[in-house]
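Below you'll find the structure, written out as structure tokens, and then a few comments.
In UniProt numbering, the protein residues as written are 1 to 499.
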């Protein structure tokens, strides 16, 4: 059994699945407590699950064994749920070098393993962002730094992990940082005073050289959980101390100055070990997976068709879903109301729409912006791009000329989409059909994950299927699950016959 803390737009669905699988959910939010007839503890979680900043998936981090136990569970919601190890899970301590200084912080080149170093994987280059406010001295390009990850970043985004030059260990109830004393980080003054009194009564004090920062969940925790939370934070600090001393770098005073992240005169972490107390994973949900999450959520509360699909589109759309579900209970067998959603939030004719071309290895390539030329009630959105001259069209072997137009038809939920290239005079210069996870047309972008294999129709009518070898390599590398690959091959075969 794994104890998990879940937050974000997928929380109800994942809570339902976790409870059904025999796991425990702790530190549940108010809405979760109201929706489930279950006991929710306040013990420190083994795994923390949070929605990614762009709402396209989730990030999970925690104990490596516990994370391994739920990783397959997290990807089991649909064929188009894809997972990648997080090389910089929160609280990981890493060495790096400043490569660029910006207005508000520095870019740091980190050396990390594929799983944050938890399994000794080969090192790889990863950039992080270190705000100047999180380090106490001036840093310049070329400076070596030792930093801790405060917030990681999904591989499909253009964000960098956020770093800090000060060490912090602990969990959701209490954190330890270099210093002295105790701080209660709770906005409710009365609740803060009650918690402080309880801590004094229980004599829950941090070890020498450390300051305890008690967090809001501690207000509702019982004495056993408070004690366990502090014990876990102290154990984490001792693990870092042991790693430091084993490396021959520990200090002699036995306190926080004994190699546990005290800043040196350059503002860097001094003698902190390279450590990864957490493992991490990012999971991207495709349209089919969001449908599976809808089904799970529907077991607990009223859920409209496309609930997670709409919420993933924008914060405004997310609020609209909450209002609709509060006013009436949607029929479980109703169709996803694409036309209504598009009318309310976009895209609309004349809008600019990005084409976000995901890759099974976690990368995201934006194919540029196109102009929306049509939006149909069946979920088809047509976009056009005017091409610049030079080069050839990938795979078609046809010269690209200035004034050519690329017309792309994106249909919500379809496992493929075609792009037809036409010359200035309207002559068809070829059609390229991309096989992908089910297309989702959000207000600002069409999104999917490319499944490598494609089908082309040349100007002379010849049909050609390409890149099966790339799909096979992706399966062998563990990037594309075999069921998803088999679906891609099936779609490509059907397209060959249809064209």
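The C-beta atom is built at its ideal place from N, Cα and C for all residues, glycine as well.
Same chain, Cβ closer than 7 Å to residue 401, five either side skipped, listed in chain order: 389, 423
Span of the alpha helix (DSSP H) around residue 61: Run containing residue 61: none in the alpha helix (DSSP H); it sits in the beta strand (DSSP E), 57-62.
Own chain residues within Cβ distance below 8 Å of residue 26, not counting five before or after: 3, 4, 5, 40, 41, 42, 43, 44, 45
Residues near residue 300 in its chain [Cβ-Cβ closer than 7 Å; skip 5 each side]: 12, 16, 35, 36
Proximity below 8 Å, CB of residue 127 to CB of residue 149: no
Candidates 303, 378, 332: closest to residue 340 by CA position: 378
Three CB pairs or more closer than 8 Å across the stretch 57-75 and the stretch 349-369: no
Residue environment, residue 486, which counts as buried when at least 16 other CB atoms sit within 10 Å: exposed
Coil, strand or helix - residue 208 by DSSP: coil
Where residue 48 falls: helix, strand or coil (DSSP): If DSSP states are grouped into helix, strand and coil, residue 48 belongs with the strands.
Top-ranked residue by Cα proximity to residue 155, from 8, 65, 57, 309: 57
Contact between the stretch 189-199 and the stretch 213-228 (3+ Cβ pairs under 8 Å): yes
Residue 254 classed as buried or exposed, judged by whether at least 16 other C-beta atoms fall within 10 angstroms: Confidence at residue 254 is low in this model, with a pLDDT of 33, below 50, so the placement of that residue is unreliable and no value is reported for it.
Residues bridged to residue 409 [DSSP beta-bridge criterion]: The partner list for residue 409 (beta bridge, DSSP) reads 382.
Nearest neighbour of residue 230, chosen from 146, 189, 177, 84 [CA to CA]: 177
Three-way DSSP call (helix, strand, coil) for residue 459 in this model: coil
Inter-residue spacing [alpha-carbon to alpha-carbon] between residue 98 and residue 140: Taking the straight line from one Cα to the other gives about 7 Å.
Distance CB(residue 330)-CB(residue 474) smaller than 8 Å: no
Cβ-based burial, residue 238 [other Cβ within 10 Å; buried from 16]: Taking all protein chains shown into account, residue 238 has fewer than 16 neighbouring C-beta atoms within 10 Å of its C-beta and is therefore exposed.
Pair within 8 Å by beta-carbon distance, residue 311 and residue 55: yes
Three-pair Cβ contact test at 8 Å for the stretch 398-417 versus the stretch 430-443: yes
Contact belief for residue 94 with residue 174 at Cβ below 8 Å, rounded distance in angstroms: The Cβ separation is near 24 Å, so there is no contact.
Start and end residues, beta strand (DSSP E) containing residue 356: 352-358
Buried versus exposed call for residue 370 [16 or more other C-beta atoms within 10 Å across all chains shown]: buried
The ligand COA heavy atom lying under 7 Å from the CB of residue 146: By its list of ligands, the structure shown contains no ligand whatsoever, and the ligand COA lies outside what it can speak to.
Beta-carbon proximity list for residue 457, same chain, < 6 Å, skipping 5 on both sides: 431, 463, 499
For residue 15, the three-state DSSP class (helix, strand or coil): helix
Boundaries (first-last residue) of the alpha helix (DSSP H) holding residue 401: That residue, residue 401, is in no alpha helix (DSSP H); it is neither H nor E in DSSP.
Three-state class that DSSP yields for residue 497 in the structure shown: Note: residue 497 maps to helix in three-state DSSP.
Same chain, Cβ closer than 8 Å to residue 380, neighbours up to 5 away in sequence not counted: Same-chain partners within the cutoff: 374, 409, 410, 411, 412.
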